Every structure is written in structure tokens, then in C-alpha cells.
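Below you'll find the structure, written out as C-alpha cells, and then a few comments.
There are 2 protein chains.
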Amino acid sequence: MSARQPSKPRARRPAAQARPYHHGDLRRVLIDAALQLAAEGAEVSVREAARRAAVSPGAPFRHFPNRDALMAAAAEEAQRRFRVEIEAALSEAPPAGPLARFRAFGLAYLRWAMRNPAHFEIISTGRYFAHGSSAELTRDNAELIALTEGILAEAAEQGLLRSADLKRIQIAGRALVYGFARMNLDGHFPRWGVEEGAIERMAEGVLDLFIAGIAKP
Amino acid sequence: MSARQPSKPRARRPAAQARPYHHGDLRRVLIDAALQLAAEGAEVSVREAARRAAVSPGAPFRHFPNRDALMAAAAEEAQRRFRVEIEAALSEAPPAGPLARFRAFGLAYLRWAMRNPAHFEIISTGRYFAHGSSAELTRDNAELIALTEGILAEAAEQGLLRSADLKRIQIAGRALVYGFARMNLDGHFPRWGVEEGAIERMAEGVLDLFIAGIAKP
DNA sequence: CCGAAATGTAATCGATGATTACATAACGGA
DNA sequence: TCCGTTATGTAATCATCGATTACATTTCGG
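Heads up: the sequence lines are chains U and S, in that order.
Mapping of the first sequence onto the working numbering: position 201 corresponds to residue 217, and the numbering continues sequentially without gaps.
Mapping of the second sequence onto the working numbering: position 205 corresponds to residue 221, and the numbering continues sequentially without gaps.
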């Protein structure tokens with residue numbers, strides 16, 4: 017069984033063949049498989065992704081030079097979905113001032129992070145592929161950061177903040193939101209009651225506390 | 017070469033043998049090797065740890081049932097060092113009120129996390145061994161959390177806090193400190209200038225901002 | 001219509017976690 | 001002191017994984 021009959025002159029494109037030799041869009045399917053594996057909490061291996069795409073173990077390397085590249089591509093896709101959701105939430109929210117916008121941003125951020133923990137992990141950790149492996153990811157991330165920091169800068173310009181040290185407030189805001197997301201991700205919330213949604217309500221509370229802490233009385 | 021000469025009656029204990037057949041304290045050496053590998057940013061593999069201990073690839077499995085157990089033991093050791101340093105910092109600090117103690121705690125925490133990033137990662141992430149793999153680690157961690165939350169509870173009892181929602185403040189405090197540590201760990205601080213110590217000073221600033229935000233005016 | 005480029009397959013390699021059978025040292029009771 | 005039980009390390013082996021190479025098949029443009 018070293019090869020299927022080498023000289024079988026079958027009709028080209030045999031109409032409804034089980035699976036054509038060429039896959040169609042293997043690259044995309046591999047990325048989706050990688051994201052799905054991550055979401056299931058499983059190890060993401062190139063072979064397993066290939067297995068899910070019903071393709072040989074070497075096939076993925078036609079589309080990605082190595083495992084890192086596959087992970088980076090998966091991270092880019094996850095990041096894209098992340099951004100879409102956050103920007104949607106921001107555009108839906110009424111422009112009720114910078115601090116309200118910061119709250120809306122933080123809430124959308126945390127909600128997505130808590131509902132897609134494995135994807136958030138891939139995006140934020142930079143431990144799944146070589147650093148700087150994806151310029152797109154780096155750029156997207158920078159834009160998200162600029163977005164938050166811009167919101168807080170706006171608040172400062174409008175004289176809404178108590179402290180004059182804007183940089184410090186920006187870092188603290190990012191650390192608070194990121195830290196909350198990571199605490200959830202890293203299992204620091206002990207199954208907070210059976211009640212689902214308790215964590216999201218706590219996220220709101222923490223955001224409100226932060227805003228009350230930095231806002232001018 | 018199926019076996020070495022089976023019946024070589026060599027002298028018992030050949031005086032000043034290069035390395036005795038038994039290692040002495042292989043378990044400890046393996047844990048140290050694992051921590052050192054992590055600190056070097058390398059993958060921690062059982063084989064590499066064995067290699068550093070100059071021992072066969074199967075030897076570690078006499079001391080740890082599997083890789084997870086080795087990682088868990090390494091995490092316990094790292095956590096022990098972490099606690100020692102934090103408790104030292106707290107006992108050295110004058111008991112100048114709960115908020116000052118919170119500051120001292122947060123600073124010691126962040127300093128250690130920033131100077132031992134790989135070890136902090138192993139401790140905090142729970143992604144390097146099966147969850148609940150180490151009861152000691154879980155207990156130690158719970159005690160550290162209780163320590164911080166106790167400090168803030170004390171502040172609340174003494175009427176030092178602006179908000180009455182203690183739980184919210186405790187979570188926010190933990191999220192802020194943890195988030196700052198993780199941001200550093202996950203490469204969210206773009207090599208903040210050449211100047212070393214800039215991050216630690218920013219850590220102080222963020223802690224002060226938080227305390228100012230929750231303290232009664 | 002045909003040849004070059006793209007894409008998938010098969011075979012193979014080195015490293016790793018893990019298990020098993022075996023060898024050797026250490027320890028403790030008779 | 002001797003001997004056997006136990007602890008500990010070695011050697012050999014396996015399955016899985018990332019990666020590379022040679023080869024097969026399909027697709028597409030001139």
C-alpha cells in the first residue's frame with residue numbers, strides 16, 4: 017500500500033469525491049482547529065490540528081513554517097475577534113464622557129476575557145510563540161492600549177481626574193483590568209459560588225471602585 | 017550490548033569513586049535544576065533536569081511519578097522562597113497602620129515577582145501541572161491571600177476606607193498587584209527605558225495611587 | 001495543452017514523557 | 001557481622017511530537 021494506483025486515469029474532478037486531494041482552505045481550517053483545541057483546554061499540537069483537518073501530519077507545514085507560526089496565526093484570529101467585540105461595545109455605548117467609556121471598555125474587555133479564557137491566554141501571554149512572531153498582533157495590541165490610554169487622557173484633559181500623574185493612572189487602569197482577567201484565567205477565583213455571572217458583577221464593581229478612586233470628587 | 021558484564025566482583029565502595037551510584041539528594045537537585053531551567057527561560061524537561069544532575073533519564077521518575085509532580089515540587093519550593101521574602105519585608109516594616117502595611121506587602125510582592133519572573137509564573141499560573149496537584153501550594157497561596165485581605169479588613173475596621181464594600185476593595189487590590197506583576201511577566205512593559213528600577217518605581221506609584229483611591233480623604 | 005507552481009503524502013529523524021526489567025547500594029534485624 | 005529487604009539508579013523500549021525531505025497530485029496561467 018505504498019501508494020494508490022499510480023496510473024489510474026480517472027476523470028478529472030470526479031464529481032462529489034469523498035475528499036479532494038487539495039483541501040480547499042487548509043490554512044483556515046488549521047487555525048480554527050488550533051483555536052478549538054485551545055478552547056477545549058487541550059494541548060495545541062500541529063499533529064492534532066492536522067488530524068482534525070483529516071490531513072497528513074506534514075501538511076500543515078506547507079502553510080506554516082513551524083508550530084509557532086500556527087500559534088501566532090491563531091492568536092491573530094483570536095485578537096481580531098477580541099477587537100471586534102470591544103469596538104462594537106464601545107460604538108454601541110452612548111458617548112457619555114470618558115469615564116463612562118472607560119467603564120464600557122473595561123467591561124467588554126473583561127467579559128470577552130472571561131468567556132474566552134483560552135483565547136485570551138494565547139493573545140496576552142506571548143508564551144505560545146516567539147516574541148514578535150506576529151507584527152499584526154503587536155500592532156493590534158498597541159492600538160488597543162492606545163485606545164484605553166486615550167480615553168483616560170481625555171478624562172484628564174477634561175479635568176475629571178484627581179491626580180495629575182496621567183501615566184500612573186493609565187498603568188494602574190491597565191493593571192487592574194488585566195489583573196482581573198488573569199485572576200479569573202489562572203484560577204484565582206474559587207468557583208465563586210454556583211451562581212454564574214457573579215464574576216461579571218464583581219468585575220463591574222471593581223471597575224466602579226477604580227473610577228471612583230481616580231475621579232475628582 | 018544487552019547488559020554490562022553481569023558478574024564483575026569489584027571492590028565494594030571503591031574509595032573516592034567519581035560519583036557514587038546513589039546520588040545523595042537527587043530529589044532536591046532535580047528541583048533546583050528545574051527552577052534553574054525555568055529561570056533561564058528554557059523549557060523545563062525531565063530529561064534536561066536529569067542531565068544536569070548527571071543521572072540517567074529514568075532516574076527522576078524514582079522521585080516523581082511524572083513531570084507534573086516535578087513541576088509541582090519546584091513550584092512549592094519557589095512559593096516557599098516567595099513567602100519567606102514577603103514575610104521578612106512585612107516583619108521589618110514598622111507597623112505604621114494597615115495601609116502602610118498594604119503598601120509594604122505590595123512592594124515586596126512586586127519586587128520578588130519582577131526579579132524572579134519565571135518562578136512567579138510557575139507559582140501563579142497553575143498551567144505547569146495539574147490543578148490541585150499540590151495541596152501545600154494551594155494552602156500557602158490561600159494564606160498569602162488571607163494576609164492581604166486581612167490587612168485591608170483591618171483598614172476597614174479602623175475606618176480608614178472610603179467605600180464600605182470591603183470585598184470589592186480586596187479583589188481590586190489583588191487584581192491591581194497581580195495584574196502589574198503579570199504585565200511585567202507577559203512583556204506588556206516595553207523595556208521601559210534603559211533605566212533599571214523604572215518599573216519598580218512605577219510599581220510604587222501605582223500602589224500609592226490605589227491607596228489614595230480607597231483611603232478616606 | 002502543457003509545464004511550473006502549489007499543495008498534500010510518506011518516510012524518517014531527534015527529543016521527550018513514560019514504563020519495564022534489571023543492577024547496585026543502603027539499611028536494619030537476627 | 002551477615003543477609004535480605006528496600007531504596008535508588010541504569011538500560012532498553014515505546015508512543016507522541018515537531019520538523020525535514022523526497023515524492024505524488026492537482027491547479028493554473030501562458
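In this text, a Cβ means the ideal position worked out from N, Cα and C, and glycines have one as well.
Bear in mind that the values here come from a model prediction, so they are computed numbers and not experimental data.
Of the other Cβ atoms in all chains shown, fewer than 16 fall within 10 Å of the Cβ of S:R207; this residue is therefore exposed.
For the set U:E165, U:L51, U:S61 and U:L123, the Cα lying nearest the Cα of U:L223 is the one of U:L123. Taking 8 Å as the CB threshold, U:I167 stays off the interface with chain S. Judged by DSSP in its simplified three-state form, S:L192 adopts helix. Judged by DSSP secondary structure, S:P133 falls within the alpha helix (DSSP H) whose first and last residues are P133 to T141. Beta-bridge annotation (DSSP): S:A231 is paired with S:L177. Within chain S, no residue has its beta carbon less than 9 Å from that of U:I139; the closest one is some 10 Å off.
Out of S:L168, S:R131, S:A151 and S:V193, the CA that lies nearest to the CA of S:E212 is found in S:R131. S:R190 counts as buried, since at least 16 other C-beta atoms from the protein chains shown sit within 10 angstroms of its C-beta.
Residue state for S:S61 is assigned as coil, using DSSP reduced to three classes.
A contact is defined here as three or more CB-CB pairs under 8 Å, and the region 100 to 113 of chain U fails this definition with respect to the region 71 to 78 of chain U. Rounded to the nearest whole angstrom, the CA to CA distance from S:A70 to S:N82 is 19 Å. Using a CB distance cut-off of 8 Å, U:D202 counts as an interface residue toward chain S. Taking 9 Å as the Cβ-Cβ cut-off, the region 173 to 186 of chain U approaches chain S at R178, S179, D181, K183, R184 and I185, given in chain order.
Contact with chain S is absent for U:A55, since none of that chain's Cβ atoms lies less than 8 Å from the residue's Cβ. U:F118 and S:R43 have their C-alpha atoms roughly 50 Å apart.
S:A197 and U:A171 have their C-alpha atoms some 26 Å from each other. For U:E101, the enclosing alpha helix (DSSP H) starts and ends at R83 to E108. In the three-state reduction of the DSSP assignment, S:G221 falls in the helix class.
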